[in-house]
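Undergrad: With the working numbering, you'll find the sequence shown wraps up at 150, consecutive numbering, no jumps. We put the beta carbon where it would ideally sit given N, CA and C, even for glycine.
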Amino acid sequence: MNVFLGLHVALAALVAVGVLPAGGPPFWLAFLFPTSLAWAIQRFGVRRAGGLFAVTYAITFVAEAWGQAFGLFGAHYAYAPAAWAPLPTALLPAVVPVMWFMMMMPSYAVARAAFPRGRVAVAVLGGLGMTAWGVALDATSVRAGLWAWSSGTPS
């Protein structure tokens, strides 16, 4: 499983820095999400991995809904449905939170590898990893046409 997680991290990093094209969400969902979920199950067990997925999904679903409806950090954004093909437009609000879980597992794995015994350090490094991922992903995804900022830019 560590080989798959390493591949996940490497591919995601190359996309985040623009070396590889974004590839679109169907690629992410078809390969990287199952890899993240399988790794979480291996690491935490089915029950804890399921709970972690449920909490992550609920929080990010609300954040995404809030961001699209009211603006997030002072800016409004919208997803470009055509760029997410073949996924139906109606599934986008349900799919995006899945992708946040997909990104969270490699961030956690890297942080845990760096600090095998430090819970606070893992939380800080994992959070920084997710933040860096989000910043890089925003730029590459806007460039790839996956979403657009309709007013302002994120603060």
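Which value, in whole angstroms, describes the spacing of the CA atoms of LEU86 and THR55?
TA: Position 91 of the sequence shown, counted from the first residue, corresponds to residue 86. Position 60 of the sequence shown, counted from the first residue, corresponds to residue 55. Going from the Cα of LEU86 to the Cα of THR55 covers about 15 Å.
Undergrad: Since VAL115 contacts ARG107 with CB under 8 Å, what's their CB separation in whole angstroms?
TA: Working through the sequence shown from its first residue, we reach residue 115 at position 120. Working through the sequence shown from its first residue, we reach residue 107 at position 112. VAL115 to ARG107, Cβ: 13 Å. No contact.
Undergrad: Could you give the distance in angstroms between the alpha-carbon of ILE36 and the alpha-carbon of PHE26?
TA: Locating residue 36 in the sequence shown gives position 41, counting from the first residue. Locating residue 26 in the sequence shown gives position 31, counting from the first residue. For ILE36 and PHE26, the distance between alpha carbons rounds to 16 Å.
Undergrad: In whole angstroms, what is the alpha-carbon distance linking ALA75 and GLY46?
TA: Here residue 75 is taken as the residue at index 80 of the sequence shown, counted from 1. Here residue 46 is taken as the residue at index 51 of the sequence shown, counted from 1. Approximately 30 Å, taken between the alpha carbons.
Undergrad: Find out if the Cβ-Cβ distance for the pair MET97, PHE28 is shorter than 8 Å.
TA: Within the sequence shown, numbered from 1, the residue matching residue 97 stands at position 102. Within the sequence shown, numbered from 1, the residue matching residue 28 stands at position 33. Contact flag set, yes.
Undergrad: So, for VAL31: in the same chain, excluding its five sequence neighbours on each side, which residues have a beta-carbon less than 6 Å away from its beta-carbon?
TA: In the sequence shown, the residue the question calls residue 31 occupies position 36. According to the sequence displayed, residue 31 carries Ser and not Val. Excluding residues within five positions, the ones whose Cβ falls inside 6 Å are MET97, MET100.
Undergrad: Between which two residues does the alpha helix (DSSP H) containing ALA89 stretch?
TA: For this step, residue 89 is matched to residue 94 along the sequence shown. First-last of the alpha helix (DSSP H) with ALA89: 87 to 109.
Undergrad: Consult DSSP for ALA80 and reduce its assignment to one of helix, strand or coil.
TA: By one-based count along the sequence shown, residue 80 stands at place 85. Here ALA80 sits in coil by DSSP.
Undergrad: With DSSP run on the structure shown, which of helix, strand or coil describes ALA64?
TA: Here the question's residue 64 lines up with position 69 in the sequence shown. Three-state DSSP puts ALA64 in a helix.
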